[in-house]
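**Q** Below is a structure I'd like to ask you about.
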Ligand SMILES: *[C@@H]1O[C@H](CO)[C@@H](O)[C@H](O)[C@H]1NC(C)=O
Ligand SMILES: *[C@@H]1O[C@H](CO)[C@@H](O)[C@H](O)[C@H]1NC(C)=O
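Residue numbers (mature numbering (1 follows the signal peptide of the UniProt record, and there is no 0)): -16 to -1, 1 to 325.
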């Protein structure tokens, strides 16, 4: 993904420099740490978010995109790994620890006919695709290339894309131009539009954790925000994303489709995942609900049996005591005729 950072700011050639990498094969993801040591780190992205383990933090404010594009056109490129839309730094994010400026957005997807292509998972579920909107800390750094080397230098918004009945009109602003960037290295200008309309409606519901770029060089400098709500695009729109681009240049003799550009989930290690919202009853899975009901029934049963046996034993002892008292008093009536105190 963020090789595309090399594009930022300037209109440098769309093809990234540096060691070749891919998702599968001899340069596939299990080999990334060989040329890019950070990819073997302990705070990598993406992750599988176990929603019931996320820690609610009511102090996390809603994400607020502000600012206007201020330009009539955006640049859309195929960098051989994804489709990248360069964004102007006039688009800013509020609701984060510092002021962050937009750099670019790009996508991760699967292949036609397959369900999964997103990078972040929610309770093991992989959505069909995911969009990342990359921002950099504009208070401390001049651009994203510089910020990506520093902890907390980048803030990425993750949006899960699911399939719904209707096409999403804002996504058409990008998807309808993919035919102009079929091959790696191609670039096209598209009319600018309201980038914020690509986000889900509820910008106050999200997961937050510290992680990394999900592609080499995998720098661990990203403050992640994954929105809880997905955005729905039509099946035809998803198929445009899955089926239009090539990872090869126009000059290469054997075109390779650009598909399955997602990284497997990484170990959480000691990291905390926060949620901006309280854990609701919907936070429990069916299995947990069954476990809770079963656990409650068996402890009630245990308690009932314990009470039953204790009561039985007490009754038995009381009967025995009464027996002794009766015998003692009958003995007393016969043998102790002296005056009482
Ligand atoms: C980013 O900023 C650094 C430091 O100011 C500068 O050296 C570099 O050329 C900039 N990179 C881009 C892509 O603009
Ligand atoms: C992320 O790291 C920063 C320090 O770089 C820390 O202040 C913050 O609490 C961390 N956030 C989470 C969600 O762990």
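Note that beta-carbon positions come from the ideal geometry of N, C-alpha and C, so glycine has one too.
Taking contact to mean at least 3 C-beta pairs separated by less than 8 Å, is the region 135 to 153 in contact with the region 74 to 86?
**A** The region 135 to 153 is in contact with the region 74 to 86.
**Q** Got a list of residues with beta-carbon closer than 6 Å to any non-hydrogen atom of ligand 2, in chain order?
**A** Here the residues come out as 135, 136, 192, 193, 194, 256 and 258.
**Q** Can you tell me whether residue 192 is buried or exposed? The criterion is at least 16 other CB atoms within 10 Å of its CB, across all chains shown.
**A** Label assigned to residue 192: buried.
**Q** Taking residue 62 and residue 168 to be in contact with their CB atoms under 8 Å, please state how far apart those CB atoms are, rounded to whole angstroms.
**A** Their Cβ separation, rounded to whole angstroms, is 5 Å, which keeps residue 62 and residue 168 in contact under 8 Å.
**Q** Any idea what DSSP makes of residue 110, helix, strand or coil?
**A** Residue 110 falls in the strand class under three-state DSSP.
**Q** Closest to residue 52 by C-alpha separation, out of 189, 179 and 264, would be which residue?
**A** That would be 179, whose Cα lies nearest to the Cα of residue 52.
**Q** Per DSSP, what are the beta-bridge partners of residue 121 in this structure?
**A** In DSSP, residue 121 forms a bridge with 84.
**Q** If you follow the alpha helix (DSSP H) that residue 213 is part of, which residue opens it and which one closes it?
**A** Premise fails: residue 213 is in no alpha helix (DSSP H) and is neither H nor E.
**Q** Starting from residue 192, follow its DSSP beta bridges and name the residues at the other end.
**A** Answer is 209 and 258.
**Q** From the DSSP secondary-structure annotation, give me the bridge partner or partners of residue 142.
**A** Answer is 116 and 210.
**Q** Evaluate residue 251 with the Cβ neighbour count: other Cβ atoms within 10 Å of its Cβ, from every protein chain shown; 16 or more gives buried, anything less gives exposed.
**A** It counts as exposed.
**Q** So the beta strand (DSSP E) residue 61 belongs to, where does it begin and stop?
**A** Segment 57 to 62, the beta strand (DSSP E) holding residue 61.
**Q** For residue 78, report the span of its alpha helix (DSSP H) as first-last.
**A** Looking at the DSSP string, residue 78 is not in any alpha helix (DSSP H); the run it does join, the beta strand (DSSP E), is 76 to 78.
**Q** Mind checking which residues open and close the beta strand (DSSP E) that includes residue 70?
**A** Unbroken beta strand (DSSP E) run through residue 70: 67 to 70.
**Q** Residue 335 to residue 292, Cα distance in whole Å?
**A** Any question about residue 335 goes unanswered here, given that the chain covers just -16 to 325.
**Q** Tell me where the beta strand (DSSP E) around residue 102 begins and ends.
**A** Segment: none, residue 102 is in no beta strand (DSSP E) and carries neither H nor E.
**Q** Does residue 219 come out as helix, strand or coil in the three-state DSSP assignment?
**A** The answer is helix: DSSP assigns residue 219 an H, G or I state.
**Q** Within the continuous alpha helix (DSSP H) that includes residue 17, where are the two ends?
**A** It spans 16 to 19 - the alpha helix (DSSP H) in which residue 17 sits, taken as one unbroken run.
**Q** Per the DSSP calculation, residue 48 is bridged to which residue(s)?
**A** BP columns for residue 48 point to 78.
**Q** Does the Cβ of residue 123 lie closer than 6 Å to at least one heavy atom of ligand 1?
**A** No, the Cβ of residue 123 stays beyond 6 Å of every heavy atom of ligand 1.
**Q** Compute the Euclidean distance between the alpha carbons of residue 4 and residue 230, then round it to the nearest angstrom.
**A** Cα to Cα, the separation comes out at about 16 Å.
**Q** In the DSSP output, which residue or residues are listed as bridge partners for residue 172?
**A** According to DSSP, which records beta bridges pairwise, residue 172 is partnered with 60.
**Q** On the CB-based measure, 16 or more other CB atoms within 10 Å of its CB, does residue 115 come out buried or exposed?
**A** When all chains shown are included, residue 115 counts as buried.
**Q** Flag residue 126 as yes when its Cβ comes closer than 6 Å to any non-hydrogen atom of ligand 1, and as no otherwise.
**A** Checking the Cβ of residue 126 against ligand 1 gives yes.
**Q** With 7 Å as the threshold, decide whether the Cβ of residue 207 is near any Cβ in chain C.
**A** No chain C appears in the structure shown, which is made up of a single protein chain.
**Q** Please classify residue 283 as buried or exposed, where buried requires at least 16 other C-beta atoms within 10 Å of its C-beta.
**A** Counting Cβ neighbours within 10 Å, residue 283 comes out exposed, since fewer than 16 surround it.
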